[in-house]
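Some notes on the structure that comes next.
Residue numbers (the UniProt record's numbering): 1 to 459.
Right, dumping it as structure tokens:
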């Protein structure tokens, strides 16, 4: 079938699905079969025509569709066709065209936008002032979330699509999500999170005329169903207790009335802020962070032996057994050789031992912040391309976009495994459907440990 023959083989009007009942794929299959598409591609390649980019085949197709649609809109606005005698004496008429170029996902598309004499025509297909078609903004935001800088995106679009967008334009496109970020950061939360994890990544932020390191903290709460949710992102602007008091107050104001256990890495001022906000909450120092901190002082040749000694402490069945193991370690030659390693455990002891009061199903969940360390690892890969951020809002914006991108990929993977249709179902939740491993035994143990706080909320 040739291109000319195809136009005469369209089905009758009654064979075409009604408005709103046809998908893009169905329409493509209806109007352009595989034979016709193959012929188009062959002719494009034979003539040396690119599919995308400036002067490419796809931009020309979009141009033809848009200009035809704009002409139809103007006809509807005026109430008569071109050359129709009904238009004689009409108070309004066609008045030439205005050139306009719009950026698209397949390259720049030059348009001739029709005008009317009274300037009352307001096109809906390509509204006045619009310089980008739907889809390109999403592509730019996706590239930004993947770690590309504004200048990287600018060069990428110019190289691949032939689309020239200014630095300011791309910045405005990415800034458009700030309102969505603010809404997410202030959304209502659950009344109880049995477990909350807090961990940080270091970012460079411009502060006046200097660039300094700041910590961007991410909180993940585990709800009663064992599902993890990113609760918020905070860039530390002040030191210690004052900062954490603000974070805890914000979470409380958003609806969090109780947290059973907070797992963190011994942050200064956090335990006091938590106890002031939720007096019955247990603050647990992440055992993995504690091991790493103590191993900084140990030479490589002795690490295996020191780790073996430390394992007897954090795997002890009771607090008394752990204290005995610590005293035994203190009397070894290794402890005398690395006193700073021993001191690390002694200083953190009060925040380490709560972990030992729980049965094994709970210990597995709270002994480390690994629940979000894998997420932080991916975030570090994304931010490593940036020298520094202009302000704290830019940090939160990129991290939020990156988390959304990462979790959308995870959601697609989970959905593909289940054979279900891909799609976000929980509005505002960046971790959707990711259930904590071994949650049911842990919840049972927590219900025994905290019957007055857990049982009333078990449906």
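Positions of the beta carbon are idealized from the N, C-alpha and C atoms, including for glycine.
Counting along the chain, where does the beta strand (DSSP E) carrying residue 232 start and finish? Taking the first residue of the chain shown as position 1, residue 232 is located at position 232. Looking at the DSSP string, the run of the beta strand (DSSP E) that includes residue 232 is 228–235.
Indicate the three-state DSSP secondary structure (helix, strand or coil) for residue 188 in the structure shown. Translated into positions along the chain shown, residue 188 becomes position 188. Residue 188 sits in coil when the DSSP states are folded into three classes, being neither helix nor strand.
Simplified DSSP assignment, three categories, for residue 215: For the purposes of this step, residue 215 is taken as the residue at position 215 of the chain shown. If DSSP states are grouped into helix, strand and coil, residue 215 belongs with the strands.
Any non-hydrogen atom of the ligand ADP within 7 Å of residue 399 CB: With respect to the ligand ADP, the structure shown offers nothing to examine, as it has no ligands at all.
Classify residue 295 as helix, strand or coil using the three-state DSSP reduction. Taking the chain shown and counting its residues from 1, the one referred to as residue 295 is at position 295. In the displayed model, residue 295 falls within a helix according to three-state DSSP.
Residue 128 classed as buried or exposed, judged by whether at least 16 other C-beta atoms fall within 10 angstroms: As a first step, residue 128 is located in the chain shown; it is residue number 128 there, counting from the start. The residue is exposed, with fewer than 16 neighbouring Cβ atoms inside 10 Å.
Where does residue 385 sit, in a helix, a strand or coil, going by DSSP? Position 385 of the chain shown, counted from the first residue, corresponds to residue 385. Note: residue 385 maps to coil in three-state DSSP.
Which whole runs of the alpha helix (DSSP H) in the segment 124–165 are 4 residues long or more, in chain order? Unbroken alpha helix (DSSP H) stretches of 4 residues or longer found wholly inside the segment 124–165: 136–145, 150–160, given in chain order.
Inter-residue spacing [alpha-carbon to alpha-carbon] between residue 169 and residue 372: The residue labelled residue 169 in the question sits at position 169 within the chain shown. The residue labelled residue 372 in the question sits at position 372 within the chain shown. Their backbone Cα atoms lie some 34 Å apart in a straight line.
Ignore the nearest five residues each way along the sequence and tell me which others in residue 306's own chain have a CB closer than 6 Å to its CB. Numbered from its first residue, the chain shown carries residue 306 at position 306. The answer, listed in chain order, is 298, 334.
What is the DSSP secondary structure of residue 61, reduced to helix, strand or coil? Your numbering for residue 61 matches position 61 in the chain shown. DSSP places residue 61 in helix when its eight states are reduced to three.
On the DSSP letters alone, give me the boundaries of the alpha helix (DSSP H) that residue 341 sits inside. Here residue 341 refers to the residue found at position 341 of the chain shown. Counting along the chain, the alpha helix (DSSP H) containing residue 341 begins and ends at 339–347.
Ordered along the chain, which non-local residues of its own chain (more than five positions away) have a Cβ less than 6 Å from that of residue 429? Taking the first residue of the chain shown as position 1, residue 429 is located at position 429. Low confidence applies to residue 429: its pLDDT is 44, below 50, so where it sits in the model is not reliable enough to give any reading.
Bridge partners of residue 74, per DSSP? Looking up residue 74 in the chain shown gives position 74. Note: residue 74 sits in no beta bridge, so no partner.
When we look at the beta-carbon of residue 255 and count the other beta-carbons within 10 Å, is it buried (16 or more) or exposed? Against the chain shown, residue 255 aligns to sequence position 255. Residue environment for residue 255: exposed (fewer than 16 other C-beta atoms within 10 angstroms of its C-beta).
One question on the structure: do residue 149 and residue 107 come within less than 8 Å of each other, judged by their Cβ atoms? Start at 1 with the first residue of the chain shown, and residue 149 comes out as number 149. Start at 1 with the first residue of the chain shown, and residue 107 comes out as number 107. Between residue 149 and residue 107, the CB-CB gap reaches or exceeds 8 Å.
Residue-level contact to chain D via CB, residue 81, 8 Å cutoff: You won't find chain D in this structure, because it holds only one protein chain.
Look up residue 223 in the DSSP assignment and say whether it is helix, strand or coil. Residue mapping note: residue 223 aligns to position 223 of the chain shown, counting from 1. Here residue 223 sits in coil by DSSP.
With DSSP run on the structure shown, which of helix, strand or coil describes residue 312? Here residue 312 refers to the residue found at position 312 when the chain shown is read from its first residue. Residue 312 falls in the helix class under three-state DSSP.
How big is the Cα-Cα spacing for residue 280 and residue 270? By one-based count along the chain shown, residue 280 stands at place 280. By one-based count along the chain shown, residue 270 stands at place 270. Their backbone Cα atoms lie some 14 Å apart in a straight line.
So, do the segment 177–184 and the segment 193–209 have three or more beta carbon pairs nearer to each other than 8 Å? By the Cβ criterion, the segment 177–184 is not in contact with the segment 193–209, since fewer than three pairs of Cβ atoms, one from each stretch, lie closer than 8 Å.
Closest to residue 62 by C-alpha separation, out of 109, 391, 352, would be which residue? Residue 62 sits at position 62 when you count from the first residue of the chain shown. The option with the nearest alpha carbon to residue 62 is 109.
Three-state secondary structure assigned by DSSP to residue 393: One-based indexing of the chain shown puts residue 393 at position 393. Secondary structure at residue 393: helix, using DSSP grouped into helix, strand and coil.
Can you give the Cα-Cα distance for residue 400 and residue 325, rounded to whole angstroms? Within the chain shown, the letter at position 400 stands for residue 400. Within the chain shown, the letter at position 325 stands for residue 325. If I take the Cα positions, the gap works out to 43 Å.
Between which two residues does the alpha helix (DSSP H) containing residue 366 stretch? For the purposes of this step, residue 366 is identified with residue 366 of the chain shown, where counting begins at 1. Run containing residue 366: 360–366, per the alpha helix (DSSP H) assignment.
Using a threshold of 8 Å, state whether the C-beta atoms of residue 389 and residue 203 are closer than that. In the chain shown, counting from the first residue as 1, residue 389 sits at position 389. In the chain shown, counting from the first residue as 1, residue 203 sits at position 203. Yes; because the gap between Cβ atoms is below 8 Å, this pair is in contact.
With a 10 Å radius around its C-beta and 16 neighbouring C-beta atoms as the bar for buried, classify residue 191 as buried or exposed. The count along the chain shown starts at 1 and reaches residue 191 at position 191. A residue is called buried when at least 16 other Cβ atoms come within 10 angstroms of its Cβ; residue 191 does not meet this threshold and is exposed.
For residue 287, I'd like the list of residues in its chain whose CB is within less than 8 Å of its CB, leaving aside the five on either flank, ordered along the chain. Position 287 of the chain shown, counting from 1, holds the residue named residue 287. Non-local beta-carbon contacts of residue 287 in its own chain, meaning distances under 8 Å to residues more than five positions away in sequence, involve 314, 352, 355, 367, 368 in chain order.
What are the boundary residues of the alpha helix (DSSP H) that residue 43 is part of? The sequence position of residue 43 within the chain shown is 43, counting from 1. Membership of residue 43 in the alpha helix (DSSP H) is indicated by the continuous run 34–46.
Backbone secondary structure at residue 90 - three-state DSSP: As a working note, residue 90 is residue 90 in the chain shown. In this structure, residue 90 counts as coil in the three-state DSSP scheme.
So the candidates are 250, 293, 245; which of them puts its Cα closest to the Cα of residue 272? For the purposes of this step, residue 272 is identified with residue 272 of the chain shown, where counting begins at 1. Among 250, 293, 245, the Cα nearest to that of residue 272 is on 245.
Euclidean distance between Cα positions of residue 92 and residue 121: Numbered from its first residue, the chain shown carries residue 92 at position 92. Numbered from its first residue, the chain shown carries residue 121 at position 121. Separation of residue 92 and residue 121 (C-alpha to C-alpha, rounded to the nearest whole angstrom) is 10 Å.
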